[in-house]
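Colleague: Got a structure for you, written out below as structure tokens; questions coming shortly.
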Amino acid sequence: MRKILTAAVTVALGLSLAACGADDTPSAAAGADATIGVGSLYEPQNLDNTGGGGQGVTEALNGNVYEGLFRLTDDGKTENLLATDYTVSGDGLTYTFKLRTGVTFHSGKALTAADAKYSLEKVIAPDSKSARKSSFGPVSGITAPDDSTLVVTLKTRSISFVYNLSYVWIVNSQNQSPTTTADGTGPYRFTEWKRGSTLSLARFDGYWGTRASNKEVVFHYFTDASALNNALLTNQIDIITSQQSPDALSQFTGNPEYKVNDGASTTKLLLAFNDRVAPFDNVKVRKAVYSAVDRKKLLESIWGTYGKLIGSMVPPKDPWFEDLAETNPYDVELAKRLLTEAGHGNGFSFTLDTPNYDPHPTVATFLKSELAKVGITVNINVITADEWYTKVFQKRDFTATLQEHVNDRDVVWYGNPDFYWGYRNPQVTQWVTQAEQATTADEQTSLLKQVNRQIAEDAASVWLYLYPQIVVASADLSGYPVNGLNSQFYVYGITKQEG
Amino acid sequence: MVRYLVRRGGLLVASLLFASVALFLLLRVLPGDPANALLTVDATPEQIEAARRQVGSDRPLPEQFVTWLGQLVRLDLGRSFVSTLPVGPEITDRLAVTVPLALTAFALAIVIAVPVGYLCARWSRTWYGATISALSQLGIAVPVFWVGMLLVFVFALRLRVFPSGGFPRAGWADPGAALTALTLPVLTVALVMSASLIRYVRSATLDVLHSDYLRTARALGASSAEAMWRHGLRNAAGPVVSILGIELATTFLGTVVVESVFALPGLGSMLVKGIMQHDYPVIQGVLFVSTVTVLVIGFLADLAQRLLDPRLRRASSGRSR
Amino acid sequence: MNLLTVDMLTISGTDGRALVSELSFALSPGERLGLIGESGSGKSLTALAVLGLLPAGLRASGSIRLQPAGGEPTEVVGAADRTLRRLRGRVATVVFQEPLTALDPLMRIGNQVGWAIRRTRGLRGSALRDAVLSALAEVGLDDRIARAYPHEVSGGQRQRAAIAAAVACRPALLIADEPTTALDVTVQADVLALLDRLVADRGMALLFISHDLAVVARVAERVLVLAQGVAVESGTVTEVVTAPDHPVTRALLSSARQLDAALDGRQP
Amino acid sequence: MTRRRRSLVAGAVLVGLLGAVALLSLLWTPFAVSDTSGGRLAPPGGAHLLGTDRLGRDLATQLMVGARIALLTGLGAVAIGGTLGLAAGLAAGFAQRWLDDGIAATLDVVIAFPTLLLAMLVVAARGASLGSAVLALGLAMSAVVARLTRILVKRVLALDFVTAARTSGTSWPRVVAEHVLPNVWPTLVVNLALQFGLAVLAEASLSYLGLGPPPPNQSWGRMLQEAQSTVLTAPAGLVAPGLALVVLVVGANLVADGLREVADPLAGRAS
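Residue numbers (the UniProt record's numbering), protein chains in the order written: chain A, 1 to 499; chain B, 1 to 321; chain C, 1 to 268; chain D, 1 to 271.
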């Protein structure tokens, strides 16, 4: 009888169907024909960055499959790419670009000025959902006099026009389905996208520039941060584009098999007030809330030693950055004094619309206990990302909310009075417009520094902290970008040593 | 028999149509807009309107319903609002993960549950019979995702024997990697499912062991094994088959949580994403496919039961379920 | 030589309480014995004990010896299932009370009879088929019944089929555990007559268990009365009927008498 | 007798224990719920019996508070599922041919639809909250209860003494009250006890997927999800909530087993 029992149990545990292959690293090959496994939480919505492709499509295709007239390098400089040279008219209203010759799309079609014209028009078209559309407001006319020249005329001067062009993908004008296929001029061809799983790029041998240093790159997408980290721990992927789970870091720091890179990030976490609505239409109340929160403790509790404190919207990588972390210092007494001066001596309560994904619920819980110290009661209302767009972003039906802002140079949004946080300061609006029409970069920088200082003075929002930009990679990988500006992730430089 | 098939088939289609219409209305009532998935933090109102046009959520409800029904009749599940990819092919990709996962786990659960359940019944008076029954009691109380997490912790992170998740890019073109990727998920689902199956097999076996016809067979010279084999098995199979039908049906979409733990691109996670983004074609496509599958499984389980038990065959009309 | 010798048989339950205590009786080949008593008197348990088919949890002690004509005696109490298996069917078998549950609901009646014959007489193929049909014919059932399922025939027909299966094994001893109690009165008489004829034709010994003295009187010569698992009285049918000395027997008799008087006005 | 009592008592003790913990957490917990003073991911032992989570909150406190959500969801879902299910089941039981088939077909579709996904639709509609979770789980349960009730009602209606009562003109409500309910009620209660366990597990899964009751509600499911990313450095976080879930659900199932034998002794097996 005993024999049968043990037999039955071993049958149950004997994994008859398991082909226990050893943990097969995805790319046995190394060197120039390696396949690089990249892990990320940001799967594209679709493949067209003017059709709502989202942050994921920039990460996967920007600079890898698609290229612009100019390229934004990993440390924030704008350099020529498909444009070899350009001239600007005296009044700064006419730009003439010289296109690189001998460049072909992956489909074999030659790159012409017509494609460049088509690509720019696509970004500013009525139904374009490109995040950069508004910054091309001043563009009045686009012409392609010949195959290798593009002329753009502006209504008003726009000093960051060339910088903004680094976001415009030069696409093949004949590609009818940009959301599902990709035909660019970059070092990789788009080969396959299995939604919810992987997106694969293969080296394009007909590339005009220097060849990519690896044969194939596969983006593996995860919805859960721990699953992403586990994948790296078990060598299914070689690198994580941006580490979102702070606590998982301890598994990699101090582990010789992995390298943790702390780069410069542009992602800010905001407690955004609705500046139109009481009590947050009152500067003193906003500054009181700002000073009541121990931001240092919040940052440490979530990110430990990583991340930075910031006092305003501008991240360190922007040319007009100044460290304003102490403009609204953590000072509970100051907060209480400000509250009494604003007539809220015995405190008040407000509803905080909190997106339901990390880290917002945890931050909300922290803010609730911090603000309780100054008599302010926070009602946490958890909403889905989708609801955030409808309730907060479009209807502006909120008192305060939590949200992260990913892009660089987005301090300019404080110059737009009917943006969702409703900050109205005509002086700031004027500085922002002047900065864009500045003739020199220095003029632009000094104007935007004033904007940055002013919104900090007014505590237009509470800038809680700057996310760290952590790229974790296996030790035998090199040549990968660490800053990932505006969620770009150039993979053509990545090499994988043997072993 | 044919009359039964026609009636049952008719019921199948009716409940399917009912489910689709109810689903369409329910989704439209939900707050939020599929267009939001296409927007970024700094979209202008004009861009929001453009997104709604692309998605079609700006058109009046009846019009949306007519276009949708038209597509459904032509079995064209339409295109995802968000990815603009056709929903059909993506579902088949996802089925290539969910179906093998569900079926293998189901088979493994049966392979575990039938012998263990049988032994548990045969030794119901002994201590090891009682321990198995207690273990199965524990088994049905354990959350699936917890089992998954523990298996990942032990086998993937600590022992590095299995991948911690994901499905190979080549899919089933590389069967070795695909099987290895599915091992822990299959084990997770199978262990929990076998726990509840053991209890059903045990109670069905006990019913048979206490039956008079088994005693008659032994009185006519059959050994207990032969009596069980010849008479017991078929009689125990009836109730167990109906439970298996329900269990397989719920496993089909029920692996959502396991797909999340193991980051598997299955049908469940596709539906979760669809719901989060109000991607109506994806939601309707997945639910259409899963409802069809579940009702077909129920139909087959019913059929199997009829074949097994002649008593059901005669009263084919008014049989009360 | 006795076909069946039961000596000091005691059957106790899980809690040690004796359901049958120190029962002794004997049965020679061809002899018929009636075992009667109220329900719960342990008569059915005794029948099961003879074949070693006591339900799990019950333990038998004392001795039960079965000795087929010209065969070795076998001690049933404590015997391994393998040895008892050779006795069941060939030497002794049982016909149970509830025909609806006694037959496998999912198997055709012909097959169930067939498996019994195949196992005990080793017949195969057409010989087996003929044996089945003749066994059924003997109990008055035609070949349509052979293809039918138990739920498709009446209670009486089901019991006849069960008897056919038992008798077809050609046992030396047939034990009938209240075979007619579950049938309605009209069918009861036919089945009793059938049993009587079959046992006589084959010279089988019969151990007939019932709570109804009138029924036992029709098929058995000697009677053993049980109360709470103890044998309180035994003797020929006429002795027990005419001069019952134990109160239990008298109670059984009076209830039987009313039934008989009502039935056919025979002298009580 | 004793074996039947044993599983009922054992189950009641387990569920009662967790009920007491939940009630106690209303009055006292080792640390304040939102007290983040403890060190991050401290191992069990010392001031923090079970250690701390990544925010430095005491794990034992979170566990106690989590018991509230588990019990509230379970009981709430059983309340909604029971009443709705019973009503629908009775209606189906008494309904005529095509209406009966219609209801049965609808129930099949709802049951074929996994609880978790039904919950997601409700959460997508009403937003993630304790109310949404309870409503969703209650609705899903009501379909299962309705199907069971329908079968039981049909079986009772077929009984002779009930047909006799109906033909002798007793009014429907009296038939239901006197004959149907007493017979249906015992099996239903057993099923509801089982459904309680399933609802608790479903809530844990919902919270694990980030769809359960949001903070400041504390749910075991979410504790497991949060502990998952720090499993290598702080495995305790993964073990405690899981065990708590198992204890509660095993307790509920034991109560169900005990009730089943008490309510329907005939069905009791010598097991």
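Backbone N, C-alpha and C define an ideal beta-carbon position, used for all residues, glycine too.
1) Name, going along the chain, the residues of the segment 207–240 of chain D whose beta-carbon falls closer than 7 Å to a beta-carbon of chain A.
2) Thinking C/V223 and C/G34 are a contact (beta carbons under 8 Å), I'd like their distance in whole angstroms, please.
3) Helix, strand or coil for C/T93? Go by DSSP, reduced to three states.
4) In terms of residues, what are the limits of the alpha helix (DSSP H) holding A/N164?
5) State the Cα-Cα distance for the pair B/F167 and B/V272, rounded to the nearest angstrom.
6) DSSP state of B/R160, grouped into three classes?
7) Can you pull the chain D residues whose beta carbon is under 8 Å from the beta carbon of B/T98, in chain order?
8) Residues in its own chain within less than 8 Å of B/W146 by CB, not counting five upstream and five downstream?
9) According to DSSP, what are the bridge partners of A/A83?
10) Can you name the residues that DSSP bridges to C/A231?
11) Does DSSP put B/T188 in a helix, in a strand, or in coil?
12) For D/L209 and B/V256, I'd like the C-alpha separation in whole angstroms.
13) Tell me the DSSP secondary structure of D/V13 in three-state form.
14) Helix, strand or coil, according to DSSP, for A/P145 in the structure here?
15) How long is the line joining the alpha carbons of A/T50 and A/S177, rounded to whole angstroms?
16) Say whether the segment 126–141 of chain B touches the segment 185–197 of chain B, bearing in mind that this needs 3 or more beta-carbon pairs closer than 8 Å, one atom from each stretch.
17) When you compare only the Cα positions, how much space is there between A/T101 and A/L111?
18) Which ranges does the beta strand (DSSP E) cover as unbroken runs of at least 3 residues, wholly within the segment 245–291 of chain A, from first to last along the chain?
19) Using the Cβ count rule (16 or more neighbours within 10 Å means buried), how would you classify A/W388?
20) How is the alpha helix (DSSP H) around D/E226 delimited, first residue to last?
21) Which residues of the segment 89–118 of chain B have a Cβ closer than 8 Å to any Cβ of chain D? Give them in chain order.
22) Whole angstroms is fine: what's the gap from B/D58's alpha carbon to A/S173's?
23) Within the same chain, show all residues whose beta-carbon is closer than 6 Å to that of A/G141, passing over the 5 residues directly before and after it, in chain order.
24) Rounded to whole angstroms, what's the CA-CA distance from A/L61 to B/I297? Just pull it up for me.
25) How should A/C20 be labelled, buried or exposed, when 16 other C-beta atoms within 10 angstroms of its C-beta is the threshold for buried?
26) Please name the residue, chosen from D/E261, D/A158, D/P235 and D/V249, that lies closest to A/Q251 on a Cα-to-Cα basis.
27) Interface residues of chain B around A/S134 at Cβ under 8 Å?
28) Go ahead and pull the three-state DSSP assignment for A/M313.
29) Grab me the residues of C/A227's own chain with a C-beta within less than 8 Å of its C-beta, minus the 5 sequence neighbours each way, in chain order.
30) If you compare alpha carbons, which of B/A181, B/A113, B/S269 and B/F153 is closest to B/A237?
31) Going straight from the alpha carbon of D/A105 to that of B/G10, what length do you get?
32) Is it buried or exposed, C/G229, if we count other Cβ atoms within 10 angstroms and call 16 or more buried?
33) Give the residues of chain D in contact with A/D247, contact being defined as C-beta atoms less than 9 Å apart.
34) Does the structure place the segment 324–331 of chain A close enough to the segment 291–304 of chain A that three or more beta carbon pairs sit under 8 Å?
35) Let me confirm a value: A/K368 is counted as buried when at least 16 other C-beta atoms fall within 10 Å, else exposed. Which label applies?
36) At a CB-CB cut-off below 7 Å, which residues of chain D make contact with A/S250?
Modeller: Let's see:
1) G210, P214, P215, P216, Q228, S229, T230, L232 and T233
2) As a working mapping, residue 223 of chain C is identified with position 223 in the third sequence. As a working mapping, residue 34 of chain C is identified with position 34 in the third sequence. Yes, C/V223 and C/G34 are in contact; Cβ-Cβ is about 4 Å, under 8 Å.
3) Residue numbering aside, residue 93 of chain C sits at position 93 when the third sequence is read from its first letter. Of the three classes helix, strand and coil, the one that applies to C/T93 here is strand, per DSSP.
4) The sequence position of residue 164 of chain A within the first sequence is 164, counting from 1. Where A/N164 is concerned, the enclosing alpha helix (DSSP H) stretches over F161 to L165.
5) One-based indexing of the second sequence puts residue 167 of chain B at position 167. One-based indexing of the second sequence puts residue 272 of chain B at position 272. In a straight line, the C-alpha of B/F167 is about 18 Å away from that of B/V272.
6) Sequence index remark: in the second sequence, residue 160 of chain B carries index 160 (1-based). Three-state DSSP puts B/R160 in coil, outside helix and strand.
7) Here residue 98 of chain B corresponds to residue number 98 of the second sequence, with the count starting at 1. Residues of chain D passing the Cβ test: none, with the nearest at roughly 12 Å.
8) Here residue 146 of chain B refers to the residue found at position 146 when the second sequence is read from its first residue. Within the same chain, B/W146 has no close Cβ partners at all.
9) Here residue 83 of chain A refers to the residue found at position 83 of the first sequence. Per DSSP, A/L99.
10) Here residue 231 of chain C refers to the residue found at position 231 of the third sequence. Its beta-bridge partners are C/L226.
11) In the second sequence, the residue the question calls residue 188 of chain B occupies position 188. B/T188 falls in the helix class under three-state DSSP.
12) Numbered from 1 along the fourth sequence, position 209 holds the residue referred to as residue 209 of chain D. Numbered from 1 along the second sequence, position 256 holds the residue referred to as residue 256 of chain B. Distance between the alpha carbons of D/L209 and B/V256: 9 Å.
13) Here the question's residue 13 of chain D lines up with position 13 in the fourth sequence. Looking at D/V13 - three-state DSSP - the assignment turns out to be helix.
14) On the first sequence, position 145 is the one that residue 145 of chain A refers to. Strand, per DSSP.
15) Stepping through the first sequence from its first residue, residue 50 of chain A is reached at position 50. Stepping through the first sequence from its first residue, residue 177 of chain A is reached at position 177. Cα to Cα, the separation comes out at about 12 Å.
16) yes
17) Counting from 1 along the first sequence, the entry for residue 101 of chain A is found at position 101. Counting from 1 along the first sequence, the entry for residue 111 of chain A is found at position 111. Going from the Cα of A/T101 to the Cα of A/L111 covers about 8 Å.
18) 258–263 and 268–273
19) Taking the first residue of the first sequence as 1, we reach residue 388 of chain A at position 388. Under this definition A/W388 is a buried residue.
20) Your numbering for residue 226 of chain D matches position 226 in the fourth sequence. Counted as a single uninterrupted DSSP element, the alpha helix (DSSP H) harbouring D/E226 occupies residues W220 to Q228.
21) The residues in question: there are none.
22) Translated into positions along the second sequence, residue 58 of chain B becomes position 58. Translated into positions along the first sequence, residue 173 of chain A becomes position 173. Spanning the two alpha carbons is a distance of roughly 28 Å.
23) Position 141 of the first sequence, counted from the first residue, corresponds to residue 141 of chain A. Closer than 6 Å at the Cβ level, and outside the excluded window around A/G141, lie T153.
24) Locating residue 61 of chain A in the first sequence gives position 61, where the first residue counts as 1. Locating residue 297 of chain B in the second sequence gives position 297, where the first residue counts as 1. Straight-line Cα distance between these residues: approximately 43 Å.
25) Within the first sequence, numbered from 1, the residue matching residue 20 of chain A stands at position 20. Here A/C20 scores only 41 on pLDDT, less than 50, and its place in the model should not be relied on; the value that follows carries that caveat. Per the 10 Å Cβ criterion, exposed.
26) Here residue 251 of chain A refers to the residue found at position 251 of the first sequence. Nearest of D/E261, D/A158, D/P235 and D/V249 to A/Q251, Cα basis: D/P235.
27) Within the first sequence, residue 134 of chain A is the residue found at index 134, counting from 1. Under the 8 Å cutoff, chain B gives D42 and T44.
28) Counting from one through the first sequence, the residue named residue 313 of chain A turns up at place 313. The answer is coil: DSSP assigns A/M313 none of H, G, I, E or B.
29) In the third sequence, counting from the first residue as 1, residue 227 of chain C sits at position 227. Hits under 8 Å: G37, E38, S41, H246 and V248.
30) Within the second sequence, the letter at position 237 stands for residue 237 of chain B. It is B/A113.
31) Within the fourth sequence, numbered from 1, the residue matching residue 105 of chain D stands at position 105. Within the second sequence, numbered from 1, the residue matching residue 10 of chain B stands at position 10. If you take the alpha carbons of D/A105 and B/G10, they lie about 11 Å apart.
32) To locate residue 229 of chain C, count along the third sequence from 1; it is residue 229. Burial call: buried.
33) Along the first sequence, read from residue 1 onward, the residue named residue 247 of chain A stands at position 247. What A/D247 touches in chain D: R40, L41, R54, E226, S229, T230, T233 and A234.
34) Output reads yes: the segment 324–331 of chain A touches the segment 291–304 of chain A.
35) Looking up residue 368 of chain A in the first sequence gives position 368. Flag for A/K368 reads buried.
36) Start at 1 with the first residue of the first sequence, and residue 250 of chain A comes out as number 250. The contacting residues are T233.
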